[in-house]
Each structure stands twice: as C-alpha cells, then as structure tokens.
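So the sequences go chain by chain: U and R. Per the numbering used here, the first sequence starts with residue 2, numbered consecutively. Per the numbering used here, the second sequence starts with residue 208, numbered consecutively. Cβ coordinates follow ideal geometry from the N, Cα and C atoms, glycine included.
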Amino acid sequence: MMLALTVGVLIAGAAFLLLQQDRFRVILGFILLSHGVNLAIISSGGSDRRDEALVSGPDIATTADPLPQAFVLTAIVIAFAITIYLIVLAVTGDDDDTTTESHVGPDADRAEEAP
Amino acid sequence: MTASLIPLFIIVPLIGAGLLTMISNSPRLHAAAAIAVPLASTIGAVGMVWLFTSEGPVAHGVGLWPFGISIPLAADMFNALMLTVTGLLTVVCAWFALATGIGSSRFFTPMLLVLLAGVNGALLTVDLFNLFVFVEVMLLPSYGLFVLSAQREAPLTRIAGLRLYVTLNLLTSTLLLIGIGFVYGTAGTVNVAQLAGAATDDPLVAISMAVCLFALSIKAAIVPVYGWLARAYPSTSPAITALFSGLHTKVAIYAIYRLYAVVFDGDARWLWIGVLLFSATMIIGVLGAVGESTTRSILAFHMVSQIGYILLGVALFTQAGLTAGIFYLLHHMIVKASLFLSTGAIEVRYGTGRIGALSGIARREPLIAVAFFVAALSLAGIPPFSGFVAKLSLIFASVEAEQIGAVIVMVAVSLITLLSMLKIWSGVFWGKPSSSETQGGGGTATLVEADTRRRVSLNLAMPAVVLALITTGLGLGAELLLHLSDIAAAGLLDPSAFIAAVAS
Numbered sequence: 002m003m004l005a006l007t008v009g010v011l012i013a014g015a016a017f018l019l020l021q022q023d024r025f026r027v028i029l030g031f032i033l034l035s036h037g038v039n040l041a042i043i044s045s046g047g048s049d050r051r052d053e054a055l056v057s058g059p060d061i062a063t064t065a066d067p068l069p070q071a072f073v074l075t076a077i078v079i080a081f082a083i084t085i086y087l088i089v090l091a092v093t094g095d096d097d098d099t100t101t102e103s104h105v106g107p108d109a110d111r112a113e114e115a116p
Numbered sequence: 208m209t210a211s212l213i214p215l216f217i218i219v220p221l222i223g224a225g226l227l228t229m230i231s232n233s234p235r236l237h238a239a240a241a242i243a244v245p246l247a248s249t250i251g252a253v254g255m256v257w258l259f260t261s262e263g264p265v266a267h268g269v270g271l272w273p274f275g276i277s278i279p280l281a282a283d284m285f286n287a288l289m290l291t292v293t294g295l296l297t298v299v300c301a302w303f304a305l306a307t308g309i310g311s312s313r314f315f316t317p318m319l320l321v322l323l324a325g326v327n328g329a330l331l332t333v334d335l336f337n338l339f340v341f342v343e344v345m346l347l348p349s350y351g352l353f354v355l356s357a358q359r360e361a362p363l364t365r366i367a368g369l370r371l372y373v374t375l376n377l378l379t380s381t382l383l384l385i386g387i388g389f390v391y392g393t394a395g396t397v398n399v400a401q402l403a404g405a406a407t408d409d410p411l412v413a414i415s416m417a418v419c420l421f422a423l424s425i426k427a428a429i430v431p432v433y434g435w436l437a438r439a440y441p442s443t444s445p446a447i448t449a450l451f452s453g454l455h456t457k458v459a460i461y462a463i464y465r466l467y468a469v470v471f472d473g474d475a476r477w478l479w480i481g482v483l484l485f486s487a488t489m490i491i492g493v494l495g496a497v498g499e500s501t502t503r504s505i506l507a508f509h510m511v512s513q514i515g516y517i518l519l520g521v522a523l524f525t526q527a528g529l530t531a532g533i534f535y536l537l538h539h540m541i542v543k544a545s546l547f548l549s550t551g552a553i554e555v556r557y558g559t560g561r562i563g564a565l566s567g568i569a570r571r572e573p574l575i576a577v578a579f580f581v582a583a584l585s586l587a588g589i590p591p592f593s594g595f596v597a598k599l600s601l602i603f604a605s606v607e608a609e610q611i612g613a614v615i616v617m618v619a620v621s622l623i624t625l626l627s628m629l630k631i632w633s634g635v636f637w638g639k640p641s642s643s644e645t646q647g648g649g650g651t652a653t654l655v656e657a658d659t660r661r662r663v664s665l666n667l668a669m670p671a672v673v674l675a676l677i678t679t680g681l682g683l684g685a686e687l688l689l690h691l692s693d694i695a696a697a698g699l700l701d702p703s704a705f706i707a708a709v710a711s
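Shown next, in the form of structure tokens:
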C-alpha cells in the first residue's frame, strides 16, 4: 500500500509539473514520472519478499524477485540518457526556456517568404 | 541453423555503427556503409520471406537459455515482410540523404545504423520489455537525426519540433513501461509467447495490456493523440521525415497487430473500440490534411489518416481483414516515403514546400512530377497502382465483417485524399513556371530568373522514382504480395505455430 501511495504521489506531481510553462519544470516532471514508474515496476515483483538476491542458494520464499530489478536498472539508464538530451535541448534554441511556442512546424520556418 | 542467424539483423548494424564511430572519418566509407548495411538487411529479410513461403516460423532464444528465461527473437512471414520493407526504405532514404548533403554529417551513418538495429530488434523480439528497449534504441538516434541539416546549423523551429518529439516520445515510452510493469505484476511474465491468450482469461492482464496498446497507439498517432506527428514531422529535414515516415509509426502498428493477435487472441469483445477510433482517425487525419498549406504538413496529416486505414485491418480481425491490413501497411510505407521524397527533393532545391509559392514544377522537373503523381494516385487508391488493391481488399473485408459504417468512411475519405493530393499538384506542379525565391547556403534569399532549367539532379530524384516504380509494380502484380500478406495474416489469426516455434 505504501508503494502504491508513493507511486500515486510521484505521478500526480509529474502530471502537475508536465503541464507547467517553463521547460525545466517539465523536465523535473519527467524525472518524477520515471521515478514513479520505476517504483511501480519494483512493486510488480511482489513487495513482501525483502531479502537481496545476492546470496548463494537464495531462499525463494524471502528473496526479492530479481527480474524487475533488472528492468528498472535498464529503465533508469534509458531515462537518464533522454533526460540529459532534454536538458541540452532546453538550453539550445531560444534563449529562454519557455514552452509556449505557438509556431512549431514548417510554417514558421518560412516566415520570411514572399506571400 | 537459420534461427541462430536471426540476431545478425541487430548485431551487424550495431557493430557497424560502433566501428564507424571509432575508427573512420572517411566520408566515402560512411556513405558506402549507409547503403550497404541496410541493403544487406533487406536481402536477408527477402531470404526469410522466401523461406516462410514453405516453412513455419523460426525462433531463437538469445544466449540459448531455456524458453521463458531467455529473450526470444522470432520471425514469421509478417515480420519478415516488415523487415524487407523497412530495410528497403532505409536504403532509399539514406541514398536521398546522401544526395541532399545531410548524409555527410559525421554521425549520420552511425545513427542511421543504430536506428536500423532498433527497428529490426523491435520487429523481431517476442518480449515486451525488450520491445520497450528496442523502441528506445530506435528513438535515441532519431533524436540525433532530427536536428541534422545540410547547413550544419538547424533552424530554431527544428529544435522546437524536436522538443515536442522527444517530450511526447519520452512520455509515451514511460507509459509503455508502466504498462509492461503491470503486465509483469498481473501475469508474472513479459514473454509474449507465454502471455498468449492471457488477456482473454484475466481482466487484470487485459487492462495492463490495454495500457501498453494505448502507449503504442500514441506512437502510431491515432486520433485522440495525433497532433504531435502533424507538428513534429514537417519540422525536420525532408530526408529524415521520409525515413521516419516508414519506420517509427509502422513499428508501433506492427506491435499493435502482434500483441492484439497473440495476447488478446483477437478477442472480438473489444474490436468495436478499434473500429470506432480508427474510423475517426481516417476522417480527422484527412480533414487536417486538406486544411494545411505546405506539402509536408499535408503529407503528415495524410499519414495519420492512412494509419487509421491500416489499423482497421486489426479491428476487423478476420483472415480477409488482416490480409488487407498487412497489404495496406506495406503498400503505405512505400508510397508515403515516395511522396515525402518527391516533395522533399523539390523542397531541398527550391527552398520551400509552401503551396502556391511554386508553380509549373511539372514542366521543369518532369521526373519528380511523374513520381509524385504516381504515388499520389496510389495513395488515393486509383486502379493501376497498389493503393487500389489495398483499399479494395480492405473495403471487401469490412463488408464481409459487416462494418458498413467503416466502409462509408473509407470511400468518403479517399475522395478527400484525392482532393488534397490535387491541391498539392495544382499548387506546386501545375501552371506556368514562375520565378521563385531560392535559399542559398546561408539562408540568404536571392531572386532568380524564371527559367525552365532543371534543378533537381537525377541523383536526388531517383529515390522517389524507384519507390514510385515499386508501387506501380505492386499494383500490376499484386497477386504476389497479397499471397504473402495472406500467409502473414494466417500467422496472426492462428498464432499457435508462432508460439510453438518460440517455445521450443
């Protein structure tokens, strides 16, 4: 239950931040979102078994499921890579980091064109 | 024996990309690799298609661990056909990119090869989490390719488009990831073969899989969530739009087909949702297209509309419906790339794709004009070309499944498709050749004299022509591809042979 509550709080925070105006808050929202999802995946392995899977001859009744741990380990590095790229994108381009661009798309590209 | 060769589809491009990044700077070697590696992938895939006309699916457990523990890679007729067409499109778009100049960027070829490896992996894998990983492998080099431009300095709008593209894809991938987490929590496995039919037995698994399918639907740009594609795709360079048009959304479509066929076992209870959403996609996509004013944004909205057609095949879930959907998928990837390449060639040389800014291109560039016209008629579904076969078989399949509403939508949408294709034709190709502004290297606009000299070189025009010839060939000789699609559809309708191959 504690895990579910934490995931809920994280994802609610993420949803709020993703809808904010400046880009850095959006990135923080994505960080919260991937934290929430990673916790959800960890809890999918069952949260009642808490022993680490690092001993020889683990007792399957008490050892945590290692597969979701590998999933999360992979997901962390992927989210990390994309977050770095997003941060670089936030400082490239326009000099401020606001997200309220009305002119995404090819039309803005050719604003200087003859009518 | 053949099964253990399957990982080569992923290994060869990955090693090639790594080697090219590390050891060589030679533009000639990079250009050769950008053509040769995807070509090798295509040839390998054609070999598999030939194999599957007589044999059943093959599978390989990576690392040779037992079934259920290893990550399985499997191939049957459906993904062999997908591999063939995606490989072919990669070759043609790499050719076009080299002709436009963006191919000479230092990391173009390595990123292209990683993209190819990601696509091949996502098509071959039979494991949900591995699908997520390969989708990311496919997306990350795409983010790099998105900002490449011939002038080495991307315009600001391109960065704005890329921000939208990355943000949307990160959100969607995270949604896919949590769906996979739920599947693991409810079903205890993420191996698609072990999940066979699980969504029909257990509503919890069905909800978890629905989250995954929803995430894939966003990636495929169906109607409630399509705006990102129409805004992001036109803001990159023409060669990259053409490349992405055949790969990303189509991999998502492949995954939707495969997952609904295997995990949901084609459960007829939920098909109405598909029919409803995909019909709405056809209508809204095409309405967006007639309202646009540049060639590439029209084509991007058309893509949304055509994705509705393709996915309708899985919403019918009959032998005829799946055959038509798969045929439509393969036909559409080729035609859409051809359209993006022909209009892209004009955009590269004339500096604009705005309707009305150009005229009389047909007289000046007859080759491009013919390629565009053929592909446009094929997209609208006019008899000699492959689009006619695709639409006709989809309409027959819908009538057979008694989805009369969808039939009416398909016919009406075809008319609007033709209308907007004629809008491009009359706005860009028809009329008297006029003087037009041209963008020089640094973006300085200079007025040039009206002339009838060709400006699109043969090298730049040929990629679009080659794909236009293929769609004509598929229209005249549709029997072959229909037969192959039929085998692929049979594999989806009854996935037991596929599952058995993975499980052994």
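ask   = From which residue to which residue does the beta strand (DSSP E) around residue 279 of chain R run?
value = By 1-based counting over the second sequence, the position of residue 279 of chain R is 72. DSSP places residue 279 of chain R inside the beta strand (DSSP E), whose first and last residues are 279-282.
ask   = With distances taken from CA atoms, which of R:237, R:211, R:411, R:232 is nearest residue 220 of chain R?
value = Translated into positions along the second sequence, residue 220 of chain R becomes position 13. Per the Cα distances, R:237.
ask   = Given a limit of 9 Å on CB to CB distance, which residues of the segment 281-311 of chain R reach chain U?
value = With the criterion set as a beta carbon lying under 9 Å from some beta carbon of chain U, the segment 281-311 of chain R has no members that meet it.
At least three beta-carbon pairs within less than 8 Å, the segment 378-398 of chain R to the segment 411-421 of chain R = Touching, yes, given that three or more Cβ pairs across the two stretches are closer than 8 Å.
ask   = Which of helix, strand or coil does DSSP assign to residue 588 of chain R?
value = Within the second sequence, numbered from 1, the residue matching residue 588 of chain R stands at position 381. In the three-state scheme derived from DSSP, where H, G and I count as helix and E and B as strand, residue 588 of chain R is classed as coil.
request  = For the segment 696-707 of chain R and the segment 253-266 of chain R, state whether three or more C-beta atom pairs, one from each stretch, are separated by less than 8 Å.
outcome  = Result yes; three or more Cβ-Cβ pairs closer than 8 Å.
ask   = Thinking C-alpha only, which one of R:224, R:664, R:281 is nearest residue 707 of chain R?
value = Walking along the second sequence from the start, residue 707 of chain R turns up at place 500. Ranking the options by Cα distance to residue 707 of chain R, first place goes to R:281.
request  = Using 10 angstroms around the beta-carbon of residue 267 of chain R, count the other beta-carbons present and answer buried if the total reaches 16, otherwise exposed.
outcome  = For the purposes of this step, residue 267 of chain R is taken as the residue at position 60 of the second sequence. Classification for residue 267 of chain R: buried.
task = Could you check what DSSP says for residue 465 of chain R in three-state terms: helix, strand or coil?
result = Numbered from 1 along the second sequence, position 258 holds the residue referred to as residue 465 of chain R. Residue 465 of chain R falls in the helix class under three-state DSSP.
message = Quick check on residue 42 of chain U - is its C-beta less than 8 Å from some C-beta in chain A?
response = No chain A is part of this structure, whose protein chains are labelled U and R.
request  = Please report the Cβ distance between residue 311 of chain R and residue 362 of chain R, rounded to the nearest whole angstrom; I am assuming they are in contact, meaning their Cβ atoms lie under 8 Å.
outcome  = The residue given as residue 311 of chain R occupies position 104 in the second sequence. The residue given as residue 362 of chain R occupies position 155 in the second sequence. About 19 Å separates the Cβ atoms of residue 311 of chain R and residue 362 of chain R, ruling out a contact at the 8 Å cut-off.
inquiry  = At the level of alpha carbons, what is the spacing between residue 713 of chain R and residue 618 of chain R?
reply    = Past the boundaries of the shown model lies residue 713 of chain R; chain R is included only from 208 to 711, so the question cannot be answered.
query = Are the segment 481-492 of chain R and the segment 575-595 of chain R touching by the rule of at least three beta carbon pairs closer than 8 Å?
reply = No, the segment 481-492 of chain R does not touch the segment 575-595 of chain R.
task = Check the Cβ of residue 31 of chain U against every Cβ in chain R and list those closer than 7 Å, keeping chain order.
result = Position 30 of the first sequence, counted from the first residue, corresponds to residue 31 of chain U. Think of a sphere of 7 Å around the beta carbon of residue 31 of chain U: the chain R residues whose beta carbon falls inside it are 377, in chain order.
Simplified DSSP assignment, three categories, for residue 15 of chain U = Position 14 of the first sequence holds residue 15 of chain U. In the structure shown, residue 15 of chain U sits in a helix (DSSP, three-state: H, G or I).
task = Check whether the segment 680-691 of chain R touches the segment 549-564 of chain R, taking contact to mean three or more Cβ pairs, one atom from each stretch, closer than 8 Å.
result = The segment 680-691 of chain R makes no contact with the segment 549-564 of chain R; the number of CB pairs closer than 8 Å stays below 3.
query = Between which two residues does the beta strand (DSSP E) carrying residue 94 of chain U extend?
reply = For the purposes of this step, residue 94 of chain U is taken as the residue at position 93 of the first sequence. For residue 94 of chain U, no beta strand (DSSP E) encloses it, and the DSSP letter there is neither H nor E.
query = Who are the Cβ neighbours of residue 683 of chain R in its own chain at under 8 Å, not counting the five residues just before and after it?
reply = Position 476 of the second sequence, counted from the start, is the residue given in the question as residue 683 of chain R. Correct list, in chain order: 591.
task = Spell out whether any CB of chain R is found under 8 Å from the CB atom of residue 45 of chain U.
result = On the first sequence, residue 45 of chain U is found 44 positions in, with the first residue counted as 1. Judged by the 8 Å Cβ criterion, residue 45 of chain U is in contact with chain R.
ask   = Got a sec, what are the start and stop residues for the beta strand (DSSP E) residue 268 of chain R sits in?
value = In the second sequence, the residue the question calls residue 268 of chain R occupies position 61. Note, residue 268 of chain R: beta strand (DSSP E), 265-268.
ask   = residue 525 of chain R to residue 216 of chain R, Cα distance in whole Å?
value = For this step, residue 525 of chain R is matched to residue 318 along the second sequence. For this step, residue 216 of chain R is matched to residue 9 along the second sequence. Looking at the two C-alpha atoms, the distance is approximately 31 Å.
task = Indicate the three-state DSSP secondary structure (helix, strand or coil) for residue 23 of chain U in the structure shown.
result = Here residue 23 of chain U refers to the residue found at position 22 of the first sequence. In the structure shown, residue 23 of chain U adopts extended strand secondary structure according to DSSP, grouped into three states.
task = Step through the CB atoms of chain R and report whether any lies within less than 8 Å of the CB of residue 87 of chain U.
result = The sequence position of residue 87 of chain U within the first sequence is 86, counting from 1. For residue 87 of chain U, a Cβ of chain R is located within less than 8 Å of the residue's own Cβ.
request  = Run down chain U in chain order and give the residues with a C-beta less than 9 Å from the C-beta of residue 392 of chain R.
outcome  = By one-based count along the second sequence, residue 392 of chain R stands at place 185. For residue 392 of chain R, the C-beta contacts it makes with chain U under 9 Å involve 41, 42, 44, 45, 46, 47, 69, in order along the chain.
request  = Could you check the C-alpha separation between residue 436 of chain R and residue 372 of chain R for me, to the nearest Å?
outcome  = The residue labelled residue 436 of chain R in the question sits at position 229 within the second sequence. The residue labelled residue 372 of chain R in the question sits at position 165 within the second sequence. Going from the Cα of residue 436 of chain R to the Cα of residue 372 of chain R covers about 8 Å.
ask   = Which of the three DSSP states, helix, strand or coil, is assigned to residue 472 of chain R?
value = Here residue 472 of chain R is taken as the residue at index 265 of the second sequence, counted from 1. Judged by DSSP in its simplified three-state form, residue 472 of chain R adopts coil rather than helix or strand.
query = By Cβ distance, which residues of its chain are closer than 7 Å to residue 661 of chain R, with the 5 residues on each side in sequence left out?
reply = Within the second sequence, residue 661 of chain R is the residue found at index 454, counting from 1. Same-chain partners within the cutoff: 571, 572.
message = Given a cut-off of 8 Å on the beta-carbon distance, is the pair residue 323 of chain R and residue 248 of chain R in contact?
response = For the purposes of this step, residue 323 of chain R is identified with residue 116 of the second sequence, where counting begins at 1. For the purposes of this step, residue 248 of chain R is identified with residue 41 of the second sequence, where counting begins at 1. Contact check for residue 323 of chain R against residue 248 of chain R passes: the beta carbons are separated by less than 8 Å.
inquiry  = Determine whether the beta carbon atoms of residue 84 of chain U and residue 12 of chain U lie at a separation below 8 Å.
reply    = For the purposes of this step, residue 84 of chain U is taken as the residue at position 83 of the first sequence. For the purposes of this step, residue 12 of chain U is taken as the residue at position 11 of the first sequence. Not a contact, by the Cβ cut-off of 8 Å.
key: Cross-strand partners of residue 64 of chain U (DSSP beta bridge)   = Working through the first sequence from its first residue, we reach residue 64 of chain U at position 63. Under DSSP, residue 64 of chain U forms a beta bridge with U:52.
query = Taking buried to mean at least 16 other C-beta atoms within 10 Å of its own C-beta, is residue 62 of chain U buried or exposed?
reply = The residue you call residue 62 of chain U lines up with position 61 of the first sequence. The residue is exposed, with fewer than 16 neighbouring Cβ atoms inside 10 Å.
inquiry  = Under 8 Å, Cβ to Cβ, is there at least one residue of chain R near residue 76 of chain U?
reply    = Counted from its first residue, the first sequence places residue 76 of chain U at position 75. True, the Cβ-Cβ gap to chain R drops below 8 Å.
Closest by C-alpha distance to residue 537 of chain R, when choosing among R:296, R:269, R:338, R:315 = For this step, residue 537 of chain R is matched to residue 330 along the second sequence. Measuring from the Cα of residue 537 of chain R, the nearest candidate turns out to be R:296.
request  = Would you mind giving the Cβ-Cβ distance between residue 450 of chain R and residue 300 of chain R, rounded to the nearest angstrom? I have them listed as a contact below 8 Å.
outcome  = Indexing the second sequence from 1 puts residue 450 of chain R at position 243. Indexing the second sequence from 1 puts residue 300 of chain R at position 93. The pair is a contact, with the Cβ atoms about 4 Å apart (cut-off 8 Å).
request  = Go ahead and pull the three-state DSSP assignment for residue 84 of chain U.
outcome  = Residue numbering aside, residue 84 of chain U sits at position 83 when the first sequence is read from its first letter. Taken through DSSP and simplified to helix, strand or coil, residue 84 of chain U comes out as helix.
ask   = Should residue 336 of chain R go down as buried or exposed, given a rule of 16 or more other Cβ atoms within 10 Å for buried?
value = Within the second sequence, the letter at position 129 stands for residue 336 of chain R. Its Cβ being crowded by 16 or more others within 10 Å, residue 336 of chain R is buried.
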